[in-house]
């Protein structure tokens, strides 16, 4: 049996309220956007199936980040336009996992030591050449991106990618239907991550609230202290420039499941 090679890589699925550009470019379909963790190149996939399914266990909960600027990569000869990421929660977990995954793939001779030595630059590609760098930068505004499900992707060409293997990684937050004005399901691997992913959820609606969070007074020891911290930021923003939020409700308790995932239903009055 002929084992055809596939161009493959590991990546985390990227989700956002993606901004639209007037500038013309070859934009990636929103459902295909991802953050690459390890690029394996052309490989005889059928021979590798067992090794690829036995990769280190991925994080339980994904990551929230701010898209801060547009990068044109590679720097020496740009071919792609990507969002650079500033993480709001879980950055150390992400970096640790990327190193573990790379080390495992090196042990299996699927990537080289040279690949691991290259500095890992978290980014999400959204367009490929041809594009107008000046106009893309001019139109850019920051927004929130979440990274969740881990896929082994096959690159099919023509800006298309197909998941071959999927490992579940929970979303750090997602909006849910509720009788209240706004509600989010917040997840994390600690109480601190619950607080920071709740902050990210608010920022997904109102990015300008970020400067009003007071880290000198942070106390993430209970749901009550987390709600107080969130509401202090809302009050400060409202006092200074007006806020679209009234308050985070003192509602619900944090649940911990059998995988030690923390979950909280956050209700926001607007």
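In my numbering, the protein residues as written are 255 to 524. Backbone N, C-alpha and C fix where the C-beta goes; we use that ideal spot for every residue, glycine too. All values reported here derive from a predicted model rather than from experimental measurement.
Can you tell me where the alpha helix (DSSP H) with residue 340 in it begins and where it stops? Premise fails: residue 340 lies in the beta strand (DSSP E), 334-343, not in any alpha helix (DSSP H).
Between which two residues does the beta strand (DSSP E) holding residue 503 run? Careful: residue 503 lies outside any beta strand (DSSP E) and carries neither H nor E.
From residue 258 to residue 308, what distance separates their C-alpha atoms? 21 Å
In three-state terms, what does DSSP make of residue 482? helix
Give me the Cβ distance between residue 394 and residue 324, rounded to the nearest whole Å; I'm assuming they're in contact under 8 Å. 5 Å
Quick one: Cα of residue 433 to Cα of residue 506, how far? 14 Å
Tell me whether residue 255 sits in a helix, a strand or coil according to DSSP, three-state version. Confidence at residue 255 is low in this model, with a pLDDT of 48, below 50, so its placement is unreliable and the value that follows should be read with caution. Looking at residue 255 - three-state DSSP - the assignment turns out to be coil, as it is neither helix nor strand.
In this structure, does DSSP put residue 331 in helix, strand or coil? coil
Going by alpha carbons, who is nearest to residue 273 out of 391, 422, 486? Distances from the CA of residue 273 to each of 391, 422, 486 were compared; the closest alpha carbon is that of 391.
Can you tell me whether DSSP reads residue 488 as helix, strand or coil? helix
Can you tell me whether residue 297 is helix, strand or coil according to DSSP? Residue state, collapsed to three classes: strand.
Put residue 348 into one of helix, strand or coil per three-state DSSP. helix
Please list, in chain order, all residues of the same chain as residue 389 whose beta carbon is under 7 Å from its beta carbon, the five residues on each side excluded. 277
Thinking residue 456 and residue 499 are a contact (beta carbons under 8 Å), I'd like their distance in whole angstroms, please. 7 Å
By Cβ distance below 8 Å, which residues in the same chain neighbour residue 283 in space, the five residues on each side in sequence not counted? 413, 414
Counting pairs of Cβ atoms below 8 Å between the segment 515-524 and the segment 444-454, do you hit three or more? Yes, they touch.
Alpha carbon of residue 521 to alpha carbon of residue 442, nearest angstrom: Their backbone Cα atoms lie some 17 Å apart in a straight line.
Are at least three pairs of beta-carbons, each pair with one atom in the segment 313-320 and one in the segment 394-403, less than 8 Å apart? yes
Counting only the same chain and skipping the five closest in sequence on each side, list residues whose C-beta sits under 6 Å from that of residue 481. 502, 504
Consult DSSP for residue 421 and reduce its assignment to one of helix, strand or coil. Strand at residue 421.
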